[in-house]
Amino acid sequence: MAPISLLLLVVLLSTSCPSVKVGIINGTEAEPHSRPYMVSIQLQEQHVCGGFLITDSFVMTAAHCEKQ
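Following numbering that gives the first Met the number 0, the numbering of the sequence shown begins with 0 at its first residue and continues without gaps.
Listed below in structure tokens is the structure:
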């Protein structure tokens, strides 16, 4: 595929994809020792996978979460 065609394809796909909400939604401060590092990854308000916080903007999940 020619580089210009590939670039055009990437631009078209990126503009046609729906936006995704990311970040902490309705978060609250956790009580001490209450597992504040646990994460629920949700799609349309349904839990699909779990994980835990590595940093304030990075979540570690299991490899099978990508397929869900």
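Each residue gets a CB set at the ideal place from its N, CA and C atoms; glycine is no exception.
A quick note: this is a predicted structure, and the numbers were derived from the prediction, not measured.
When secondary structure is reduced to three states using DSSP, S33 falls in the coil class, being assigned neither helix nor strand. Here G26 is actually not in contact with M37; their C-beta atoms are around 12 Å apart, not less than 8 Å.
By DSSP's assignment, H46 forms a beta bridge with Q41. Distance from the CA atom of H32 to the CA atom of P2, rounded to whole angstroms, is 53 Å. Spatial neighbours of L6 in its own chain (CB-CB distance under 8 Å, excluding positions within 5 residues in sequence) are not present.
Across the set E30, P35, V47, the C-alpha of V47 shows the shortest separation from the C-alpha of E65.
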